[in-house]
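Enquirer: When the letters of the sequence shown are read in order and numbered with the numbering used here, they come out as residues 1 to 442.
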Amino acid sequence: MEQKILLLQIAGLGYNFLRNNLNGQKLYDLDVKPMQGVFPGLTCVVQATMRTASLPAQHGIVGNGFFFKDQWKPLFWEQSVRLIQRPLIWENFRSHGGRVAQMFIQQSLGPGSDVFLSPAPIHKHRGGIIMNCISEPSHISVRLEKELNGTFPLHHYWGPFASRRSSRWIVKAIMNVMGNERPDLLYAYLPHLDYALQRYGPDSTVSKKAFIEVYSLIGELLRAAQKGKYRVILFGDYPVTPANTVVFPNIVLKKAGFLKMRSVQGMQYPDFYTSAAFSVVDHQVAHVYVFHQNLIEEVRSLLGKMPHIDTILDGAAKAEAGVDHTRSGELILVAKRGAWFDYRWWTEVKEAPEYAFHVDIHNKPGYDPCELFWGWPPFISQNPSRIKGTHGRVDENEPIFYASDRELPGNPDSLMDLSLSIKNLLDVRVNSGEKLHSLPCE
1 MEQKILLLQI AGLGYNFLRN NLNGQKLYDL DVKPMQGVFP GLTCVVQATM RTASLPAQHG
61 IVGNGFFFKD QWKPLFWEQS VRLIQRPLIW ENFRSHGGRV AQMFIQQSLG PGSDVFLSPA
121 PIHKHRGGII MNCISEPSHI SVRLEKELNG TFPLHHYWGP FASRRSSRWI VKAIMNVMGN
181 ERPDLLYAYL PHLDYALQRY GPDSTVSKKA FIEVYSLIGE LLRAAQKGKY RVILFGDYPV
241 TPANTVVFPN IVLKKAGFLK MRSVQGMQYP DFYTSAAFSV VDHQVAHVYV FHQNLIEEVR
301 SLLGKMPHID TILDGAAKAE AGVDHTRSGE LILVAKRGAW FDYRWWTEVK EAPEYAFHVD
361 IHNKPGYDPC ELFWGWPPFI SQNPSRIKGT HGRVDENEPI FYASDRELPG NPDSLMDLSL
421 SIKNLLDVRV NSGEKLHSLP CE
């Protein structure tokens with residue numbers, strides 16, 4: 001009988017950073033191989049490509065957030081699996097009795113797997129938050145809270161308190177689900193290395209220490225997987241490279257009159273209903289939505305004059321990059337190495353919207369890594385120059401990697417190939433006639 005699979009995604013762990021920090025040693029007994037990432041190198045894009053063996057042009061997840069044209073506003077970190085517009089690689093496997101789990105994977109909520117676990121806090125009307133996870137089956141989150149001595153530490157998952165505590169809890173939860181539900185494929189995500197890399201950059205001692213912590217957690221999972229008869233495939237999703245320059249496309253759009261504001265008690269909020277263009281920024285990539293076709297070239301010319309822009313993708317260039325989808329911006333900006341895009345449209349702190357000072361990943365119309373830092377007074381930092389690591393570009397000399405405890409079919413050299421290899425492993429089990437429904441996930 002074929003072994004079950006633990007598929008582990010390590011946030012921010014690029015091939016070069018891995019090799020530099022292994023110092024010539026092995027990653028346990030795993031065979032490490034470089035591979036090409038998917039553009040843009042962002043969490044949700046990578047996870048959708050891994051689960052569909054397709055590009056953003058097909059699966060529709062073009063960033064961690066994008067402009068929802070039916071609601072006429074940008075939304076980030078939406079969680080429904082129905083946002084993914086291609087079949088998942090394990091659908092045939094599940095239809096024959098195979099069981100799949102997703103743990104801390106974006107866009108995983110709904111009918112795409114037999115088991116899922118994801119943070120789902122409750123925000124109280126009078127302030128404060130109730131830490132909670134949502135799971136299927138629902139008893140899993142209840143059991144984990146009891147057996148792991150408390151619910152998932154959400155404040156350590158993102159924000160100024162983000163730390164290794166989030167990854168440590170997730171590792172314990174993975175081992176718990178491997179031992180109880182025993183899914184045939186368990187896809188999980190370890191986040192905390194990414195925090196150190198963005199805060200302090202890949203050359204910092206803090207990031208090197210975070211790698212040592214991740215290395216230790218990988219070892220724990222390898223031992224648990226061996227005990228539970230799981231084979232292990234792990235991969236890095238994107239490389240984090242040094243950041244030293246911040247670019248503000250929405251300030252440029254606002255000054256030129258393309259982005260309109262609504263003033264509320266002196267605070268400026270974007271008025272998407274009357275604006276001609278808006279830039280949904282996401283690390284080193286920015287989707288620029290131009291709401292009037294006759295203005296596209298004018299907006300392109302304007303943004304092309306900004307320093308630190310490497311490429312502006314449109315039409316055929318978007319298709320060549322694999323991001324030509326209706327959810328993509330009419331234009332896509334790619335920053336030069338060392339630069340990244342900030343969502344701000346204001347130039348004075350007094351004009352900042354109220355959510356700018358808080359961890360508010362769903363209301364902010366752009367990714368804000370400043371949420372990783374405290375400012376003063378004790379709110380979220382308003383100083384983007386503190387960010388020392390970024391990602392999103394895909395460069396040949398900055399590959400990602402996968403590592404496996406045995407050779408994979410097809411010898412994958414890209415993220416899409418790795419996804420196809422995993423699909424092949426699952427389909428082999430189906431075609432072998434093996435009885436798959438060994439233990440229920442109920």
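Each residue gets a CB set at the ideal place from its N, CA and C atoms; glycine is no exception.
Mind checking whether VAL299 and PHE357 have CB atoms under 8 Å apart?
Expert: Here residue 299 refers to the residue found at position 299 when the sequence shown is read from its first residue. Here residue 357 refers to the residue found at position 357 when the sequence shown is read from its first residue. The answer is no: Cβ separation not under 8 Å.
Enquirer: Where DSSP assigns a beta bridge to LYS33, which residues make up the other side?
Expert: Within the sequence shown, the letter at position 33 stands for residue 33. DSSP output for LYS33 lists TYR402 as bridge partner(s).
Enquirer: Provide the residue span of the beta strand (DSSP E) that contains LYS73, from first to last.
Expert: Residue numbering aside, residue 73 sits at position 73 when the sequence shown is read from its first letter. Per DSSP, LYS73 belongs to the beta strand (DSSP E) from 73 to 76.
Enquirer: Using a Cβ-Cβ cut-off of 7 Å (strictly less than) and excluding sequence neighbours within five positions of ASP271, which residues of its own chain qualify?
Expert: Residue numbering aside, residue 271 sits at position 271 when the sequence shown is read from its first letter. Excluding positions up to five away in sequence, the list reads LYS260, MET261, ARG262.
Enquirer: Kindly list the residues whose CB is nearer than 6 Å to the CB of GLY201, restricted to its own chain and excluding five residues on each side of it in sequence; keep chain order.
Expert: Taking the sequence shown and counting its residues from 1, the one referred to as residue 201 is at position 201. Counting only Cβ-Cβ distances below 6 Å, and skipping sequence neighbours, we find PRO242, LYS388, GLY389.
Enquirer: Roughly how many whole angstroms lie between the Cα atoms of LYS124 and THR151?
Expert: For the purposes of this step, residue 124 is identified with residue 124 of the sequence shown, where counting begins at 1. For the purposes of this step, residue 151 is identified with residue 151 of the sequence shown, where counting begins at 1. Distance between the alpha carbons of LYS124 and THR151: 17 Å.
Enquirer: How long is the line joining the alpha carbons of LEU234 and ASN132, rounded to whole angstroms?
Expert: Reading the sequence shown from its first residue, position 234 is the one you call residue 234. Reading the sequence shown from its first residue, position 132 is the one you call residue 132. One C-alpha to the other measures close to 27 Å.
Enquirer: Which residues mark the beginning and the end of the alpha helix (DSSP H) in which ILE443 is found?
Expert: An answer regarding residue 443 cannot be provided, because it is not within the stretch 1 to 442 covered by the chain.
Enquirer: Measuring only the C-alpha atoms, how far is ARG344 from HIS96?
Expert: One-based indexing of the sequence shown puts residue 344 at position 344. One-based indexing of the sequence shown puts residue 96 at position 96. Answer to the nearest angstrom: the Cα atoms are 49 Å apart.
Enquirer: Reducing DSSP to helix, strand and coil, say where LEU6 ends up.
Expert: Start at 1 with the first residue of the sequence shown, and residue 6 comes out as number 6. Strand at LEU6.
Enquirer: Whole angstroms are fine: how far does the CA of PRO409 sit from the CA of LEU18?
Expert: In the sequence shown, the residue the question calls residue 18 occupies position 18. In the sequence shown, the residue the question calls residue 409 occupies position 409. When rounded, the distance between both Cα atoms is 23 Å.
Enquirer: Enumerated in chain order, which unbroken segments of the alpha helix (DSSP H) with a length of 4 residues or greater are wholly contained in the stretch 160 to 202?
Expert: Runs found: 164 to 180, 192 to 200.
Enquirer: From LEU436 to GLY179, what distance separates their C-alpha atoms?
Expert: Counting from 1 along the sequence shown, the entry for residue 436 is found at position 436. Counting from 1 along the sequence shown, the entry for residue 179 is found at position 179. Looking at the two C-alpha atoms, the distance is approximately 17 Å.
Enquirer: What residues are listed by DSSP as bridge partners for TRP374?
Expert: Taking the sequence shown and counting its residues from 1, the one referred to as residue 374 is at position 374. According to DSSP, which records beta bridges pairwise, TRP374 is partnered with ILE380.
Enquirer: Mind checking ASN363: buried by the 16 CB within 10 Å criterion, or exposed?
Expert: Position 363 of the sequence shown holds residue 363. The residue in question, ASN363, is exposed, as its Cβ has fewer than 16 Cβ neighbours within 10 Å.
Enquirer: Looking at the strands, I want to know which residues DSSP matches up with TRP340.
Expert: Sequence index remark: in the sequence shown, residue 340 carries index 340 (1-based). DSSP output for TRP340 lists VAL246 as bridge partner(s).
Enquirer: Out of PHE67, THR52, ASP114, GLY65, point me to the one whose CA is closest to GLN85's CA.
Expert: Here the question's residue 85 lines up with position 85 in the sequence shown. Among PHE67, THR52, ASP114, GLY65, the Cα nearest to that of GLN85 is on THR52.
Enquirer: Could you tell me which residues DSSP pairs with GLY127 in its beta bridges?
Expert: Taking the sequence shown and counting its residues from 1, one reaches residue 127 at position 127. None; GLY127 has no bridge partner.
Enquirer: Provide the residue span of the beta strand (DSSP E) that contains VAL53, from first to last.
Expert: The sequence position of residue 53 within the sequence shown is 53, counting from 1. Looking at the sequence shown, residue 53 is not Val but Ala. Per DSSP, ALA53 belongs to no beta strand (DSSP E) and is neither H nor E.
Enquirer: Going by DSSP in three states, GLU442 sits in which element: helix, strand or coil?
Expert: Counted from its first residue, the sequence shown places residue 442 at position 442. Note that GLU442 scores a pLDDT of 45, beneath 50, so its modelled location is shaky; the value from the coordinates is reported in the next line. It is coil, neither helix nor strand.
Enquirer: Which first and last residues belong to the alpha helix (DSSP H) in which LEU418 is found?
Expert: For the purposes of this step, residue 418 is taken as residue 418 along the sequence shown, with counting starting at 1. Taken as a continuous stretch (DSSP letters only), the alpha helix (DSSP H) holding LEU418 covers 415 to 431.
Enquirer: My understanding is that VAL394 touches GLY37, with C-beta atoms under 8 Å, so please give their C-beta distance in whole angstroms.
Expert: As a working note, residue 394 is residue 394 in the sequence shown. As a working note, residue 37 is residue 37 in the sequence shown. The Cβ separation is near 5 Å, so the contact holds.
Enquirer: Is ASP342 near the ligand FAD, judged by its Cβ being under 7 Å from some heavy atom?
Expert: By its list of ligands, the structure shown contains no ligand whatsoever, and the ligand FAD lies outside what it can speak to.
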